[in-house]
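Residue numbers (full-length UniProt numbering), protein chains in the order written: chain A, 1 to 505; chain B, 1 to 153; chain C, 1 to 332. Idealized CB from N, CA, C, for every residue including glycine.
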Amino acid sequence: MTSLDALIQGFQLAATPTNLVAAGIGVLLGTFAGMLPGLGISGTIALLIPISFGLDPLTALVIFGGIYYGAAYGGSTTSILLNVPGEGASVVTCVEGYAMARRGRAGAALSVAALGSFFAGMLGLVVLVLFAPTIAGWALAFGPQEYFCIALLALVVLSGISGQSMVQSGLMVVVGIMLGTIGIDPMSGVERFTLSSDILLDGISFIIVVMGVYGMAEVLQTASDGDAAVSAPRVAFRDLYPTREELSRSLPAIGRGSLIGLLIGLVPGPSGTISTFLSYAIEKRFSRGRDQFGSGAIEGVAGPESANNGADTSTLIPLLSLGLPFNAGAALMLSGFLIHGITPGPNLVNTRPDLFWGLVASLLIGNVMLLVINLPFVGLFASLLRIPLGILMPLVAIVVMSGTYFINNNLSDLWLAVAFGLAGWLLKGAGYSVAPLIIGLFLGPLIEKGFLQSMVLADGSLLVLMSRPFSGLMLGTAALFILVRIGLALRSHFARAPLVPVPPR
Amino acid sequence: MQKTDRSGQSPFLVQLVVAVALFAGCALYLYAALGFSFGTWSNPRAGFLPRIAGCVGVVLALGNLLRVWRARDTTSADLGLQPSRALAFLVILAGYAALLGRLGFLPATFGATLALLMVSRGMRGPAVTVGLAAAFSFGIWLLFSRALDLPLP
Amino acid sequence: MTNAATRRLALAAFGLTSVAMAFPAFAQTYPQRPIRVIVPFPAGGATDIMGRIVTKAVEARLGKPLIIENKPGAGTMTGLNELVGARPDGYTIGMVTSTMVLQPLYGGSRHDYPTALQPIAQITVTPPVLVTGADTPWKTAKVLIDDAKANPRKIKYGITGFGNSSHIGPTQLARAAGIEIEPVSFDGGGTLLTALLGGHIAVSAGSTVDYKPHIEAGKLRPLLNFGPERSQDPLYKDVPTAKELGYDAEIVSWTGVAAPKGVPADIAGKLNEAFAAVMADPEVKAAIAKLGSEPVHLDAAGFGARWGSETTKLRQVVTETGILELVKSQKQ
Numbered sequence: 001m002t003s004l005d006a007l008i009q010g011f012q013l014a015a016t017p018t019n020l021v022a023a024g025i026g027v028l029l030g031t032f033a034g035m036l037p038g039l040g041i042s043g044t045i046a047l048l049i050p051i052s053f054g055l056d057p058l059t060a061l062v063i064f065g066g067i068y069y070g071a072a073y074g075g076s077t078t079s080i081l082l083n084v085p086g087e088g089a090s091v092v093t094c095v096e097g098y099a100m101a102r103r104g105r106a107g108a109a110l111s112v113a114a115l116g117s118f119f120a121g122m123l124g125l126v127v128l129v130l131f132a133p134t135i136a137g138w139a140l141a142f143g144p145q146e147y148f149c150i151a152l153l154a155l156v157v158l159s160g161i162s163g164q165s166m167v168q169s170g171l172m173v174v175v176g177i178m179l180g181t182i183g184i185d186p187m188s189g190v191e192r193f194t195l196s197s198d199i200l201l202d203g204i205s206f207i208i209v210v211m212g213v214y215g216m217a218e219v220l221q222t223a224s225d226g227d228a229a230v231s232a233p234r235v236a237f238r239d240l241y242p243t244r245e246e247l248s249r250s251l252p253a254i255g256r257g258s259l260i261g262l263l264i265g266l267v268p269g270p271s272g273t274i275s276t277f278l279s280y281a282i283e284k285r286f287s288r289g290r291d292q293f294g295s296g297a298i299e300g301v302a303g304p305e306s307a308n309n310g311a312d313t314s315t316l317i318p319l320l321s322l323g324l325p326f327n328a329g330a331a332l333m334l335s336g337f338l339i340h341g342i343t344p345g346p347n348l349v350n351t352r353p354d355l356f357w358g359l360v361a362s363l364l365i366g367n368v369m370l371l372v373i374n375l376p377f378v379g380l381f382a383s384l385l386r387i388p389l390g391i392l393m394p395l396v397a398i399v400v401m402s403g404t405y406f407i408n409n410n411l412s413d414l415w416l417a418v419a420f421g422l423a424g425w426l427l428k429g430a431g432y433s434v435a436p437l438i439i440g441l442f443l444g445p446l447i448e449k450g451f452l453q454s455m456v457l458a459d460g461s462l463l464v465l466m467s468r469p470f471s472g473l474m475l476g477t478a479a480l481f482i483l484v485r486i487g488l489a490l491r492s493h494f495a496r497a498p499l500v501p502v503p504p505r
Numbered sequence: 001m002q003k004t005d006r007s008g009q010s011p012f013l014v015q016l017v018v019a020v021a022l023f024a025g026c027a028l029y030l031y032a033a034l035g036f037s038f039g040t041w042s043n044p045r046a047g048f049l050p051r052i053a054g055c056v057g058v059v060l061a062l063g064n065l066l067r068v069w070r071a072r073d074t075t076s077a078d079l080g081l082q083p084s085r086a087l088a089f090l091v092i093l094a095g096y097a098a099l100l101g102r103l104g105f106l107p108a109t110f111g112a113t114l115a116l117l118m119v120s121r122g123m124r125g126p127a128v129t130v131g132l133a134a135a136f137s138f139g140i141w142l143l144f145s146r147a148l149d150l151p152l153p
Numbered sequence: 001m002t003n004a005a006t007r008r009l010a011l012a013a014f015g016l017t018s019v020a021m022a023f024p025a026f027a028q029t030y031p032q033r034p035i036r037v038i039v040p041f042p043a044g045g046a047t048d049i050m051g052r053i054v055t056k057a058v059e060a061r062l063g064k065p066l067i068i069e070n071k072p073g074a075g076t077m078t079g080l081n082e083l084v085g086a087r088p089d090g091y092t093i094g095m096v097t098s099t100m101v102l103q104p105l106y107g108g109s110r111h112d113y114p115t116a117l118q119p120i121a122q123i124t125v126t127p128p129v130l131v132t133g134a135d136t137p138w139k140t141a142k143v144l145i146d147d148a149k150a151n152p153r154k155i156k157y158g159i160t161g162f163g164n165s166s167h168i169g170p171t172q173l174a175r176a177a178g179i180e181i182e183p184v185s186f187d188g189g190g191t192l193l194t195a196l197l198g199g200h201i202a203v204s205a206g207s208t209v210d211y212k213p214h215i216e217a218g219k220l221r222p223l224l225n226f227g228p229e230r231s232q233d234p235l236y237k238d239v240p241t242a243k244e245l246g247y248d249a250e251i252v253s254w255t256g257v258a259a260p261k262g263v264p265a266d267i268a269g270k271l272n273e274a275f276a277a278v279m280a281d282p283e284v285k286a287a288i289a290k291l292g293s294e295p296v297h298l299d300a301a302g303f304g305a306r307w308g309s310e311t312t313k314l315r316q317v318v319t320e321t322g323i324l325e326l327v328k329s330q331k332q
């Protein structure tokens, strides 16, 4: 009960007019920053850190909290409307969300994304208030060995996500892994595959590839379709919001997505991205609308968006209770704290209860604001699609290019965005799905790091690795998964073989 | 995505070119990966993952090439009706990347937006096109430099 | 005719005087426009925060804004390369750290930074400290070393990159004490700290800035200081140095400001002066100390001498400890 009392006190602090306005500003800034491809959470908080020097610590934290939430949500907007993912975690939202937008259901997709984010955020905060110290302890119990096994399992499960042939998706995964090894290897300090070019020295930024092969490729595709490209059908205002059926299909997906996000958020690394992919894979297999995947299934938006926000919220648990940032967004939150002389960690609740509970309360308030501010905007955003594609796409191209610049303030990154746009356009044109490439690109480095670390820690023995209960389970599941897939592939091959003669040359 | 009327291009050729490029890329990667030490399974070094990825990649790319060659499936390839427009887009965007640092944000953005709009809308309503490009480039310049205070090139 | 001639003469005279005026004026009125400060770390990191503290104070002194540009990546090399390539006119300076001396030793960098850059001022010195989790059996460095002696290769320590100070310190210690301990690479201080707090690695040598909050919270225990002498910080003042315990291991990390080589002497002098004055300001010192680092100013000459002497010393250290060979062995 003490935490409830403390929370009420926190509300009193967070509900002052200044802090309410701050939360509103944070949420709005975050939403817009999330929408600008490339800027994202890290970029926005980084911009605001110098400005926040002059603010009261709690007010500054409240703004950062709002940005943190708003950006996670804002990323979905451009994905759904324009097929431009602003961050790794909105890649899968593109797939079903954009398909929905092409069918005229953009409004429904945006609303469900907002609702899912809200629900996942609230659930995460409740867990944070009630169980933070316990859960933080679990997060520490996972070591490099466990991360390695999780990443490996995720690679095995996710590489089948695209529904193309095993050779194609396997090749795309491997190409992604190859791209991931470019640059200075953080483990050994060796420069790899950079062709002695400064552009590639720091490796290829995940987000540039994502923006290139999705956003830029989409622009090129539309350009070459020319007048044949069809705009989204116009819809009446009342049809903007989800129907009862869409809502009832989304709810279970939101629930599953939130849980996945909450759990994955406790793993250091790009948990937002991993959790959205996992949620997508699960929805595709188990949800009611699994037959519609590829043509705009609402579960494919609701699940991953909830997972993303769930992961972002549970990443706050190790941040607030241990002082450990598990991803880039949390790292910037941490420096926002440090600048104001506050050190998050086990002592925060005791030494500065006002800040801790004030922040938690303001996150709850910010979450509500996010929903209240964004739902009315849905109509406005959806009407963006009424702009003829011939005008919209050039503008999108320029926004993607400038967004690419802001990632690292680096002009040479623009070349990469153009190159990946070309590659994505050609690959899609030749019938490849690029989702496995993205998966390989972000899981490859995690797997390499994890394996190198695990081998030192386990004295070079795979047996030691398998004897740890959790990693053993993960590795076993991964092996089972591979066997089942090979089995299925062989069965369908033999069943079909007599029917398909070798085509004559 | 699947349209039937294809004139003036060969989808099979596109597929073949992409498959050959993937194979060449994987082979080059493997060649470069051999420059790094593999280490051992229990003590992996910088060349560990690259070599595995390179070998698997070459095998898969070869399999993929065979698949494309045997299937001669022309329905799943689609670069759209006017790939030349996409190429024009690419050229303009590459020009934008090259000139952004030299011309400054506002002029380069205006030029690129104008060129892109002209490609995608054709020549109808030149005044409208110029107006759109000017409004848009000025608008995002205001947003980036004034509202968000981002460092511009 | 005469009219034109007079005009030409007048123009020439005007031109001459303006040139004549411009030259001394240039030095007197430097800076005339904002100065770019390249920080080779992401915004919000320890170096970035230090940079912001110092540049803010310098700004007040020089009267023109100093604008921080974060160019992170490739273990500070992205930012350093950009700094090397900038025009040496005093309008581009950058933050540098001790890795600029180490990277060229391994042959992995584009430039030999100590000769391609020009020192302006050293700002802080941070000796790495060896820490362990609060509930491990290693109460002192001595216990740890004895344990490592009895069980070779059992103790694993975390490093944030092959061949940087977190790797060199413990390797020197291991060599001096005759023990075998194994490094585990992490790609950043955050993930390393997580593994350390979770007990997945035994010890790690890192920056006092990063460990400070966790030591204060009682989650980590400092065992050993790799600096030349004990730290002034009350939190670390009881931690013995490796030298005190009789092991020849010493390494420090420092942060400073540098410019591309070839800045005119008068402008360099102005910058040198401004940073010296700022580093004497107790308020700036206190802000840096609060982060957990020690504000130790060196002027341009002293900082440059440090680059030279550390290059020589560290080349010997990385060769003797076998780290150089280890880095080279990654290639074939």
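- Excluding its 5 nearest sequence neighbours in each direction, C:Ala-86 has C-beta neighbours in its own chain below 6 angstroms: Thr-92 and Pro-260, listed in chain order.
- Comparing alpha-carbon positions, the option among C:Leu-291, C:Asp-299 and C:Gly-178 lying closest to C:Glu-216 turns out to be C:Leu-291.
- Close partners of C:Ala-202 in chain A (Cβ separation under 8 angstroms) are lacking, with about 10 angstroms as the shortest Cβ gap.
- Proximity of the stretch 136-148 of chain A to the stretch 185-198 of chain C meets the contact definition, three or more beta-carbon pairs being nearer than 8 angstroms.
- Ranking A:Asn-410, A:Leu-437 and A:Ala-458 by CA distance to the CA of C:Glu-69 puts A:Asn-410 first.
- Counting along the chain, the unbroken alpha helix (DSSP H) around A:Ser-321 starts and ends at 299-322.
- Judged by DSSP secondary structure, C:Ile-201 falls outside any beta strand (DSSP E); it is assigned neither H nor E.
- If you look at C:Gly-169, you'll find it isn't in any beta strand (DSSP E); it sits in the alpha helix (DSSP H) that goes 165-177.
- Against chain A, the CB of B:Phe-136 has a partner CB under 9 angstroms away; the residue lies at that interface.
- Taking a 10 Å sphere around the C-beta of A:Ile-8, we find fewer than 16 other C-beta atoms and assign the residue as exposed.
- Burial check for A:Asp-5: the Cβ neighbour count within 10 Å stays below 16, so the residue is exposed.
- In the DSSP assignment, B:Tyr-31 is bridged to no other residue.
- Partner residues in a beta bridge of A:Gln-12, as assigned by DSSP, do not exist.
- A:Gly-341 sits exposed, since fewer than 16 C-beta atoms from the chains shown fall within 10 Å of its C-beta.
- Closer than 9 angstroms to the CB of B:Ala-53 there is not a single CB belonging to chain C.
- Of the candidates A:Gly-104, A:Ala-297 and A:Arg-491, A:Gly-104 places its Cα closest to the Cα of A:Ser-383.
- Ranked by Cα distance from A:Leu-475, the options A:Leu-463, A:Ile-282 and A:Arg-485 are led by A:Leu-463.
- Of all alpha-carbon atoms in C:Gly-322, C:Lys-285, C:Ala-274 and C:Pro-213, the one lying nearest the alpha-carbon of C:Asp-299 is that of C:Ala-274.
- Take A:Met-100, set aside five residues on each side of it, and the residues of its chain with a beta-carbon closer than 6 angstroms to its own are Ala-109 and Gly-296, in chain order.
- If you keep only unbroken beta strand (DSSP E) runs of at least 3 residues inside the stretch 84-116 of chain C, you get 92-97.
- Secondary-structure assignment with DSSP links C:Arg-36 through a beta bridge to C:Ile-67 and C:Thr-92.
- Rounded to the nearest whole angstrom, the CA to CA distance from A:Gly-345 to A:Leu-152 is 31 angstroms.
- Scanning its chain for C-beta atoms nearer than 6 angstroms, with the 5 sequence neighbours on each side dropped, one finds around C:Gln-103 the residues Ser-109, in chain order.
- A:Ile-63 and A:Ile-207 do not touch by the CB rule: their CB atoms are close to 23 angstroms apart, not below 8 angstroms.
- If you look at C:Asn-151, you'll find it isn't in any alpha helix (DSSP H); DSSP assigns it neither H nor E.
- Under the 10 Å beta carbon count, A:Phe-494 is surrounded by fewer than 16 other beta carbons and is classified as exposed.
- At a C-beta separation below 9 angstroms, C:Glu-69 has these neighbours in chain A: Asn-409.
- Of the residues A:Ala-14, A:Ala-139 and A:Asp-56, the one whose Cα lies closest to the Cα of A:Leu-319 is A:Ala-139.
- Taking the Cα of C:Asp-48 as reference, the smallest distance to any Cα among C:Leu-223, C:Gln-118, C:Thr-124 and C:Val-101 is reached at C:Thr-124.
- By alpha-carbon distance to C:Ser-204, the top candidate from C:Pro-128, C:Lys-139, C:Glu-294 and C:Pro-137 is C:Pro-128.
- Taking a Cβ-Cβ cut-off of 8 angstroms, B:Phe-144 has no neighbours in chain C, whose nearest Cβ is about 15 angstroms from it.
- In the DSSP assignment, C:Ile-267 falls within the alpha helix (DSSP H) that extends over 265-279.
- Identification of chain B residues near C:Ser-329 by a Cβ-Cβ cut-off of 8 angstroms yields Ser-37 and Arg-45, ordered along the chain.
- Residue contact with chain C for A:Thr-404: absent (no Cβ-Cβ distance below 9 angstroms to any residue of chain C).
- If you draw a straight line from the Cα of A:Phe-119 to the Cα of C:Lys-156, it is about 42 angstroms long.
- If you check the CB distance, A:Ala-281 and A:Ile-161 come in under 9 angstroms.
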